[in-house]
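Below you'll find the structure, written out as structure tokens, and then a few comments.
2 protein chains.
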Amino acid sequence: MLKRSKQRDAILNFLTTRYDHPTVETVYLNIKEDFPNISLGTVYRNLNLLSKIGEIQKIASGVGPDRFDGNPKPHYHFFCKECGAVLDLKLEGLEHINVLAGQDFDGEIDGHITYFYGKCPECMRKRES
Amino acid sequence: MLKRSKQRDAILNFLTTRYDHPTVETVYLNIKEDFPNISLGTVYRNLNLLSKIGEIQKIASGVGPDRFDGNPKPHYHFFCKECGAVLDLKLEGLEHINVLAGQDFDGEIDGHITYFYGKCPECMRKRES
DNA sequence: CTGCATGCAAAAACTTTGCACCGCC
DNA sequence: GGCGGTGCAAAGTTTTTGCATGCAG
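Right, dumping it as structure tokens:
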């Protein structure tokens, strides 16, 4: 029932070339270069669809628009408080915190969402100058 | 420069009586009982102000509207995937994960935001029946 | 008085959706 | 040709903001 489309292919393909976790708007503007008639609604629909079927990840920072990650494998993210950049972190899984959280809790802990924040390497460099 | 207002007092006071992390809308409707003329804008302004000065916490789940917590002390939250409830967790600080995250990262890790998700005690009970 | 806070409404920011049409299987 | 996907635009949701007025210090 899932039918392929050039637009969706292009969106997925674009996302795999970017490591800066672009917003919907960024995806839209870039895909538009190849598909001048594509609509924002289509980008939203496909981005949501792709994240639902697990081919990409949606990152909701809570500030500003959602961002998307072409890497579907679980990993952690870092948000720079200075420039707003979103970076991938090299970090082993933190499943053990689920256990900690469950120790004093009567419900069921299925997982967690964590993001780290601070100053990114680039902004550190700027400050030192 | 920070001038007191009855509305803000009422909002802060209301929040300290609630442990279910109400949304702006909920706060608005409740405060309205005592201040029928209060506007949603005022509630937003005060909630944002209070969280900025650290008297309350803003919880951005990424889905639906933000929620607010009258307890300013750092603690972790749990989101129930079934009923949407937001609960406080009894959980010691997880500062050690900041260290882990920083081990392979050239920037500065100042902190993290984590929330856990799963099934809350109440929804567990319902399922068992 | 001075200026922050409020109420009101408009607008901004972000996202979803209804509908007619298009194109793949 | 049937059905999912698209483009377009309208509408939905959540939040912010400009402005005149009100009230605390």
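Chains as they are written, first to last, in our numbering: chain A, 2 to 130; chain B, 2 to 130. For each residue, glycine too, the CB sits at the ideal point set by N, CA and C. Please read these numbers as outputs of a predicted model, since none were measured by experiment.
Report the three-state DSSP secondary structure of residue 121 (chain A) (helix, strand or coil).
-> coil
Do the segment 69-86 of chain B and the segment 9-28 of chain B touch if we need at least three Cβ pairs shorter than 8 Å?
-> yes
Please work out which residues of its chain come closer than 7 Å, Cβ to Cβ, to residue 103 (chain B), disregarding the five sequence neighbours upstream and downstream, and give them in chain order.
-> 110
List the residues of chain B whose Cβ lies closer than 8 Å to the Cβ of residue 113 (chain A), in chain order.
-> 115, 116, 117 and 118
Does the Cβ of residue 3 (chain B) have 16 or more other Cβ atoms within 10 Å, making it buried, or fewer, making it exposed?
-> exposed
What in chain A is Cβ-close to residue 77 (chain B), meaning under 8 Å?
-> 102
Burial state of residue 64 (chain B) (16 or more Cβ within 10 Å) | exposed
Proximity to residue 93 (chain A) [Cα-Cα], best of B:91, B:94, B:105 and B:117 = B:105
Touch test, the segment 111-121 of chain B against the segment 70-82 of chain B, Cβ-Cβ under 8 Å, three pairs minimum = yes
For chain A, find out if any of its Cβ atoms is closer than 7 Å to the Cβ of residue 66 (chain B); answer yes or no.
-> no
Should residue 72 (chain B) be listed as close to the ligand GTP, given that the test is whether its C-beta is under 6 Å from any heavy atom?
-> In the structure on display, the ligand GTP does not appear, and there are no ligands present to speak of.
Ignoring anything shorter than 3 residues or poking outside the segment 63-109 of chain A, list the beta strand (DSSP E) runs there in chain order.
-> 68-70, 77-81 and 87-90
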